[in-house]
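Peer 1: Quick one: the structure is below, and I'll ask about it shortly.
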Amino acid sequence: MSPMSDPTPAAPPPRPTVTEAERDELRRQGILLTSLQELYTWGNSHSVWPLNFGLACCAIEMIAASMAKFDIARFGSEVFRPSPRQADLLIVSGTVTKKMAPQVIRLWNQMPEPKYCIAMGACAISGGPFKQGYNVLKGIDRFIPVDIYIPGCPPRPEALLHGLVQLQEKIQGFKLTGPAAPRHLRDDLPCNCPVPEFGEHDLEPPANPAIWTAPPAIVRAEKA
Amino acid sequence: METPEQIRDRLLARFPGAEITVVPNPGTDAQHSLLLGAAHARALAEFLRDDATLRLDQCSNVTGIDWPEKEIVETTKVATPDPANPAGPPKVVEQKTKRLQLGCLEVVYHLYSISLRHGPVILRLRTGNRTDQAAVPSLTPVWRSCEFQEREVFDLFGVTFHGHPDLRRILMWDEFADHPMRRDYVEPDDYEWEPTPHGTVLEKAKAHYPAPPPAAVAPAKGATP
Numbered sequence: 029m030s031p032m033s034d035p036t037p038a039a040p041p042p043r044p045t046v047t048e049a050e051r052d053e054l055r056r057q058g059i060l061l062t063s064l065q066e067l068y069t070w071g072n073s074h075s076v077w078p079l080n081f082g083l084a085c086c087a088i089e090m091i092a093a094s095m096a097k098f099d100i101a102r103f104g105s106e107v108f109r110p111s112p113r114q115a116d117l118l119i120v121s122g123t124v125t126k127k128m129a130p131q132v133i134r135l136w137n138q139m140p141e142p143k144y145c146i147a148m149g150a151c152a153i154s155g156g157p158f159k160q161g162y163n164v165l166k167g168i169d170r171f172i173p174v175d176i177y178i179p180g181c182p183p184r185p186e187a188l189l190h191g192l193v194q195l196q197e198k199i200q201g202f203k204l205t206g207p208a209a210p211r212h213l214r215d216d217l218p219c220n221c222p223v224p225e226f227g228e229h230d231l232e233p234p235a236n237p238a239i240w241t242a243p244p245a246i247v248r249a250e251k252a
Numbered sequence: 324m325e326t327p328e329q330i331r332d333r334l335l336a337r338f339p340g341a342e343i344t345v346v347p348n349p350g351t352d353a354q355h356s357l358l359l360g361a362a363h364a365r366a367l368a369e370f371l372r373d374d375a376t377l378r379l380d381q382c383s384n385v386t387g388i389d390w391p392e393k394e395i396v397e398t399t400k401v402a403t404p405d406p407a408n409p410a411g412p413p414k415v416v417e418q419k420t421k422r423l424q425l426g427c428l429e430v431v432y433h434l435y436s437i438s439l440r441h442g443p444v445i446l447r448l449r450t451g452n453r454t455d456q457a458a459v460p461s462l463t464p465v466w467r468s469c470e471f472q473e474r475e476v477f478d479l480f481g482v483t484f485h486g487h488p489d490l491r492r493i494l495m496w497d498e499f500a501d502h503p504m505r506r507d508y509v510e511p512d513d514y515e516w517e518p519t520p521h522g523t524v525l526e527k528a529k530a531h532y533p534a535p536p537p538a539a540v541a542p543a544k545g546a547t548p
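Taken in sequence, the protein lines are chains A and B. Going by our numbering, the first sequence runs without a break in its numbering and finishes at 252. Going by our numbering, the second sequence runs without a break in its numbering and finishes at 548.
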């Protein structure tokens, strides 16, 4: 039982702890000391299989990252899956038009948990150079929870690899229990995102209010 | 290649009842165009395609233009006899007349001849108005390459092409009701958050922003009492 659920956490017995240095020393002697959580997140973070899915010019950089020169296989993500049922990572690589957005969200809903989302490039983050257009979604995070944002137009393959390593670090920080646990290990958070409908003037709704609220605007004082 | 005036004269000789106007282009390119009446447009286009000296076998581009209703103010000088001095010079009064130029939608076709290596010949078709008579005859049966581009004009300008084999929206979704390339199109208001708004975007974004705090009155530098 974890100390969190104990109603009287007055005097928890001190646990024998092993420091990092002691554990490394044990590893050098051939004794592997680990925890289930560490093993779980280690396995998760080193086999992040992306969905074989590209939207625009950022996808070209994503393809370059998977080829021999940049070789995303070094980080365990070389297996681009052609089916969302087998994929762990949705790399939103490029401009999401409003006509394409429901299909992207549907792909996300078809992916099994644990799943992660990378918004690659200016368009996927905010609409990019098409931000003021009527037909481009101003950021995929209006409908899908995004784990890692990679700025750039397009980002270089190194940036994608850096984003992937950051995602791995994020996964390695996950807890298996408690309120810090990721979405797929909790009952109170939904795993699916509602798919918007095509409306007469815009997507309906234009954003998912459960996961997206507008950041506070920078309002300067008016000049006297 | 023949000039647009020569083409117009030959077309009028062949189709006596057709309405054909040469629309001059005052620019340096001087690409004058032929404005065709809707009634004979299909027959004229087939003639341009099959004529031995023109043989315009490729339509490279179809696009649309929106001409909204426009109020034109014309100033005319009217000379009236001066009632105070009938023998003297007449009084010149400037009269301003307003007239409403009706709006329309225009479709422009750029034609080339691949076999004779000349072009472009530019055709224009105009709809009756922008609302209930927004239709022109389709030229897809004449040039197959018009099919997708006429669909695009239908999608973005709202021009109906009579005789088009498959007239559907091509870029926007089928449920979409507006025509985004029209000048009176109002885009969806998703300016909730703009990182660096300026210009017209700033005006739109301001509607979502909280009211700015009143400017603090800064003491003037070096103003010591």
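For every residue, glycine included, the Cβ atom is placed at its ideal position computed from N, Cα and C. Quick caveat, the model's predicted, so the values are computed rather than measured.
List the endpoints of the continuous beta strand (DSSP E) containing residue 505 of chain B.
Peer 2: That residue, residue 505 of chain B, is in no beta strand (DSSP E); it is neither H nor E in DSSP.
Peer 1: When the Cβ atoms of the region 469-481 of chain B are set against those of the region 496-512 of chain B, are three or more pairs found closer than 8 Å?
Peer 2: Because the criterion of three Cβ pairs below 8 Å is met, the region 469-481 of chain B and the region 496-512 of chain B touch.
Peer 1: In angstroms with no decimal places, state the Cα-to-Cα distance between residue 30 of chain A and residue 46 of chain A.
Peer 2: Only weak support exists for where residue 30 of chain A lies, its pLDDT of 48 falling under 50; the value from the coordinates is given anyway. Rounded to the nearest angstrom, the two C-alpha atoms are 18 Å apart.
Peer 1: Round the Cβ separation of residue 146 of chain A and residue 120 of chain A to the nearest angstrom and send it over; I've been treating them as touching at under 8 Å.
Peer 2: Sure, about 7 Å apart at Cβ, within 8 Å.
Peer 1: Terminal residues of the continuous beta strand (DSSP E) containing residue 121 of chain A?
Peer 2: Here the beta strand (DSSP E) through residue 121 of chain A covers 117-121.
Peer 1: Mind checking the region 500-524 of chain B against chain A and listing, in chain order, the residues whose C-beta falls within less than 7 Å of any C-beta there?
Peer 2: Result list: 500, 501, 503, 510, 511, 513, 515, 516 and 524.
Peer 1: Could you tell me which chain A residues have their CB closer than 8 Å to the CB of residue 495 of chain B, listed as they occur along the chain?
Peer 2: Those within 8 Å of residue 495 of chain B in chain A are 127 and 163.
Peer 1: Please report the residue range of the alpha helix (DSSP H) in which residue 151 of chain A lies.
Peer 2: 149-154 is the extent of the alpha helix (DSSP H) around residue 151 of chain A.
Peer 1: Quick one, which of B/462, B/394, B/511 and B/361 has its alpha-carbon nearest residue 555 of chain B's?
Peer 2: With chain B covering 324 to 548 only, the question about residue 555 of chain B has no answer from this structure.
Peer 1: Taking the straight line between their C-alpha atoms, what separation do you get for residue 396 of chain B and residue 421 of chain B?
Peer 2: Spanning the two alpha carbons is a distance of roughly 5 Å.
Peer 1: Under 8 Å, do residue 83 of chain A and residue 139 of chain A count as touching if we go by C-beta distance?
Peer 2: Not a contact, by the Cβ cut-off of 8 Å.
Peer 1: Give me the residue from B/402, B/433 and B/398 with the minimum Cα distance to residue 358 of chain B.
Peer 2: Residue 358 of chain B has its Cα closest to that of B/433, out of B/402, B/433 and B/398.
Peer 1: If you draw a straight line from the alpha carbon of residue 327 of chain B to that of residue 162 of chain A, how long is it in whole angstroms?
Peer 2: Using only the alpha carbons, I get a separation of about 38 Å.
Peer 1: Straight-line CA distance for residue 95 of chain A to residue 486 of chain B?
Peer 2: Roughly 49 Å between the two C-alpha positions.
Peer 1: In terms of residue numbering, what span does the alpha helix (DSSP H) encompassing residue 471 of chain B cover?
Peer 2: Residue 471 of chain B -> alpha helix (DSSP H) spans 469-480.
Peer 1: Over the uninterrupted beta strand (DSSP E) stretch that includes residue 132 of chain A, give me the two end residues.
Peer 2: Per DSSP, residue 132 of chain A belongs to no beta strand (DSSP E); it is in the alpha helix (DSSP H), 129-138.
Peer 1: Using 8 Å as the Cβ pair cut-off and three pairs as the minimum, do the region 422-431 of chain B and the region 445-455 of chain B touch?
Peer 2: With the cut-off at 8 Å, the region 422-431 of chain B and the region 445-455 of chain B touch.
Peer 1: Figure out for me which residue from A/57, A/165 and A/68 has the closest Cα to the Cα of residue 303 of chain B.
Peer 2: The displayed coordinates of chain B run from 324 to 548. Any statement about residue 303 of chain B would go beyond what the structure contains.
Peer 1: What would DSSP say about residue 329 of chain B, mapped onto helix, strand or coil?
Peer 2: Of the three classes helix, strand and coil, the one that applies to residue 329 of chain B here is helix, per DSSP.
Peer 1: For the beta strand (DSSP E) that contains residue 443 of chain B, what are its first and last residues?
Peer 2: Counting along the chain, the beta strand (DSSP E) containing residue 443 of chain B begins and ends at 441-449.
Peer 1: By Cβ distance, which residues of its chain are closer than 7 Å to residue 233 of chain A, with the 5 residues on each side in sequence left out?
Peer 2: Around residue 233 of chain A: 224.
Peer 1: My guess is that residue 439 of chain B and residue 372 of chain B are in contact by the Cβ rule of under 8 Å, so how many angstroms apart are they, rounded?
Peer 2: With 8 Å as the limit, residue 439 of chain B and residue 372 of chain B do not qualify as a contact, their Cβ atoms being about 12 Å apart.
Peer 1: Which first and last residues belong to the beta strand (DSSP E) in which residue 531 of chain B is found?
Peer 2: Counting along the chain, residue 531 of chain B falls outside any beta strand (DSSP E), and DSSP gives it neither H nor E.
Peer 1: For the alpha helix (DSSP H) containing residue 103 of chain A, name the first residue and the last one.
Peer 2: Note, residue 103 of chain A: premise wrong, no alpha helix (DSSP H); not H, not E.
Peer 1: Select from B/339, B/418 and B/444 the residue whose C-alpha is nearest the C-alpha of residue 356 of chain B.
Peer 2: Nearest option by C-alpha distance: B/444.
Peer 1: Using three-state DSSP, classify residue 47 of chain A as helix, strand or coil.
Peer 2: Of the three classes helix, strand and coil, the one that applies to residue 47 of chain A here is coil, per DSSP.
Peer 1: Can you list, in chain order, the residues of its chain with a C-beta nearer than 6 Å to that of residue 495 of chain B? Leave out the 5 residues immediately preceding and following it.
Peer 2: Around residue 495 of chain B: 478.
Peer 1: Check whether the Cβ of residue 169 of chain A lies closer than 8 Å to any Cβ atom in chain B.
Peer 2: Judged by the 8 Å Cβ criterion, residue 169 of chain A is not in contact with chain B.
Peer 1: What residue range is occupied by the uninterrupted alpha helix (DSSP H) comprising residue 185 of chain A?
Peer 2: 185-200 is the extent of the alpha helix (DSSP H) around residue 185 of chain A.
Peer 1: At the 8 Å Cβ level, is residue 498 of chain B part of the contact set with chain A, yes or no?
Peer 2: Judged by the 8 Å Cβ criterion, residue 498 of chain B is in contact with chain A.
Peer 1: With 16 other CB atoms within 10 Å as the buried threshold, where does residue 167 of chain A fall?
Peer 2: Per the 10 Å Cβ criterion, buried.
Peer 1: Who are the neighbours of residue 227 of chain A on chain B, taking C-beta pairs under 7 Å?
Peer 2: Ordered by position in chain B, the residues that pass the 7 Å Cβ test against residue 227 of chain A are 498.
Peer 1: Checking contacts by CB at 8 Å: is residue 532 of chain B closer than that to chain A?
Peer 2: Residue 532 of chain B counts as touching chain A.
Peer 1: Where are the beta strand (DSSP E) runs, 3 residues long or more, that stay fully inside the region 352-406 of chain B, in chain order?
Peer 2: Those beta strand (DSSP E) runs which fall completely within the region 352-406 of chain B and span 3+ residues are 356-359, 381-390 and 393-403.
Peer 1: Is it right to say residue 375 of chain B is buried, meaning 16 or more other beta carbons lie within 10 angstroms of its own, or is it exposed?
Peer 2: Looking at its Cβ environment, which holds fewer than 16 other Cβ atoms inside 10 Å, residue 375 of chain B is exposed.
Peer 1: Contact between the region 72-92 of chain A and the region 104-124 of chain A is defined here as three or more beta-carbon pairs at a separation below 8 Å; is this criterion met?
Peer 2: Taking 8 Å as the limit for Cβ pairs, the verdict is that the region 104-124 of chain A does touch the region 72-92 of chain A.
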